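Going by my numbering, 21 is the number at position 19 of the sequence shown; the sequence numbering is gapless.
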Amino acid sequence: MNHTCPYNDDLILEKLTTEFLNYQLVTVLPVPEGQYALFTSWYAYGIKRAEVQFYVKIS
């Protein structure tokens, strides 16, 4: 099965407010205040295709 990625450019998250993220991280998931980072590398067929670095500060 041939499945190609439909995204050729950057992925942009529109209308994703900090209030929504704050509610999700503090109310829904009880995450303590602090600075957090998430690093991921995405591989396909043994080749790195994407690297994502996500930083957030909960206060």
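We put the CB at the ideal spot given by N, CA and C, even for glycine. Quick caveat, the model's predicted, so the values are computed rather than measured.
Original post:
Grouping DSSP H, G and I as helix and E and B as strand, with all else coil, what is Tyr-57?
Top reply: Assignment of Tyr-57 by DSSP, reduced to helix, strand and coil, places it in the strand class.
Original post:
Between Leu-40, Leu-27, Tyr-47, which lies nearest to Tyr-57 when the distance is taken from Cα to Cα?
Top reply: Here the closest residue by C-alpha is Leu-40.
Subject >> C-alpha gap between Ser-43 and Leu-13, whole angstroms >> reply: Cα to Cα, Ser-43 sits roughly 16 Å from Leu-13.
Original post:
In terms of residue numbering, what span does the alpha helix (DSSP H) encompassing Thr-20 cover?
Top reply: Segment 20 to 25, the alpha helix (DSSP H) holding Thr-20.
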